[in-house]
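Down below is the structure, laid out as structure tokens.
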Amino acid sequence: MTAHGVFHVTTASPEETEALGRRLAPLISPGTVVGLYGDLASGKTCFVRGFASYFDLDGAVHSPTFTLINRYCAEPALYHVDLYRLEEVEEVLDLGIEELFESAAVCLVEWAERAGDGVLPRAHVKARFAHAGPASRHVTIEDYGALPESWDRALRQPPLA
Ligand SMILES: Nc1ncnc2c1ncn2[C@@H]1O[C@H](COP(=O)(O)OP(=O)(O)OP(=O)(O)O)[C@@H](O)[C@H]1O
Ligand SMILES: [Mg+2]
Numbered sequence: 097m098t099a100h101g102v103f104h105v106t107t108a109s110p111e112e113t114e115a116l117g118r119r120l121a122p123l124i125s126p127g128t129v130v131g132l133y134g135d136l137a138s139g140k141t142c143f144v145r146g147f148a149s150y151f152d153l154d155g156a157v158h159s160p161t162f163t164l165i166n167r168y169c170a171e172p173a174l175y176h177v178d179l180y181r182l183e184e185v186e187e188v189l190d191l192g193i194e195e196l197f198e199s200a201a202v203c204l205v206e207w208a209e210r211a212g213d214g215v216l217p218r219a220h221v222k223a224r225f226a227h228a229g230p231a232s233r234h235v236t237i238e239d240y241g242a243l244p245e246s247w248d249r250a251l252r253q254p255p256l257a
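The letter at position 139 of the sequence shown is residue 235 when you use the working numbering, and the numbering goes up by one with no holes.
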């Protein structure tokens, strides 16, 4: 599978990673799945916090490490999934994830590699996170047919935070 477009940035603080997530939010249409990849503490939840801050939420964004799925708002339906604790694709499917991915909800999925590419809808976004220093992270966003044209331009506007 080849990405339709790739955007790279290095964020210098958690606030910048949040700002990047917030910038991606208006570019995402209903039904889109965003897979988040990267080591522990690489910034996935931080990015989701920023993304969710674009919408009207009642509560705070917490990592769904134990609950597996958090629902943040109804319009658009916004789900935050964390597959870290699941070891097999079967367990991922038992969550009912395919129905969620086929719905009009926007889904942000940490540790999406646990699900495998076969479970992701054909059109989706991938965001990859890597440690670059104590307070910096390399972030790569790849579009697989889910983002509007020139999406990377909207992300590139400095400053991030
Ligand atoms: N540039 C940065 N961007 C994001 N987080 C950063 C950055 N610099 C430092 N941090 C710190 O790294 C940690 C990132 O935590 P976060 O929970 O977002 O990671 P995660 O990728 O979701 O991890 P997990 O796989 O455990 O869910 C936070 O403690 C945050 O303060
Ligand atoms: Mg997390």
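Ideal placement from N, C-alpha and C gives every residue a C-beta, glycine not left out.
Rounded to whole angstroms, what is the Cα-Cα separation between residue i and residue j?
{"i": "residue 152", "j": "residue 166", "result": "15 Å"}
{"i": "residue 116", "j": "residue 123", "result": "12 Å"}
{"i": "residue 172", "j": "residue 202", "result": "7 Å"}
{"i": "residue 252", "j": "residue 183", "result": "36 Å"}
{"i": "residue 97", "j": "residue 223", "result": "15 Å"}
{"i": "residue 164", "j": "residue 226", "result": "22 Å"}
{"i": "residue 137", "j": "residue 228", "result": "12 Å"}
{"i": "residue 255", "j": "residue 140", "result": "20 Å"}
{"i": "residue 103", "j": "residue 187", "result": "32 Å"}
{"i": "residue 155", "j": "residue 214", "result": "32 Å"}
{"i": "residue 237", "j": "residue 135", "result": "16 Å"}
Give every residue of the same chain whose Cβ lies closer than 7 Å to the Cβ of residue i, excluding the five residues on either side of it in the sequence, and list them in chain order.
{"i": "residue 207", "result": "178, 179 and 180"}
{"i": "residue 160", "result": "166, 176, 177 and 178"}
{"i": "residue 239", "result": "99, 100, 101, 221 and 247"}
{"i": "residue 244", "result": "123"}
With distances taken from CA atoms, which of the options is nearest residue i?
{"i": "residue 119", "options": "218, 137, 143 and 110", "result": "143"}
{"i": "residue 111", "options": "185, 241, 247 and 232", "result": "232"}
{"i": "residue 125", "options": "197, 137 and 107", "result": "197"}
{"i": "residue 162", "options": "103, 191 and 237", "result": "191"}
Less than 8 Å separating the beta-carbons of residue i and residue j?
{"i": "residue 200", "j": "residue 127", "result": "yes"}
{"i": "residue 204", "j": "residue 147", "result": "yes"}
{"i": "residue 217", "j": "residue 129", "result": "yes"}
{"i": "residue 133", "j": "residue 194", "result": "no"}
{"i": "residue 69", "j": "residue 121", "result": "For residue 69 there is no data in the structure shown, the boundaries of the chain being 97 and 257."}
{"i": "residue 260", "j": "residue 250", "result": "Residue 260 is absent from the structure shown; the chain starts at 97 and stops at 257."}
Please work out which residues of its chain come closer than 6 Å, Cβ to Cβ, to residue i, disregarding the five sequence neighbours upstream and downstream, and give them in chain order.
{"i": "residue 212", "result": "185"}
{"i": "residue 49", "result": "There is no way to answer for residue 49, as the model of the chain reaches only from 97 to 257."}
{"i": "residue 257", "result": "111, 112 and 115"}
{"i": "residue 108", "result": "232"}
{"i": "residue 145", "result": "114 and 157"}
Residues in its own chain within less than 8 Å of residue i by CB, not counting five upstream and five downstream?
{"i": "residue 170", "result": "none"}
{"i": "residue 230", "result": "none"}
Could you check whether the Cβ of residue i sits closer than 8 Å to any Cβ belonging to chain C?
{"i": "residue 214", "result": "Here there is only one protein chain, and chain C is not present."}
Check your understanding: Residues near ligand 2, CB to any non-hydrogen atom under 7 Å, in chain order?
Key -> 140, 141, 159, 161, 178 and 206
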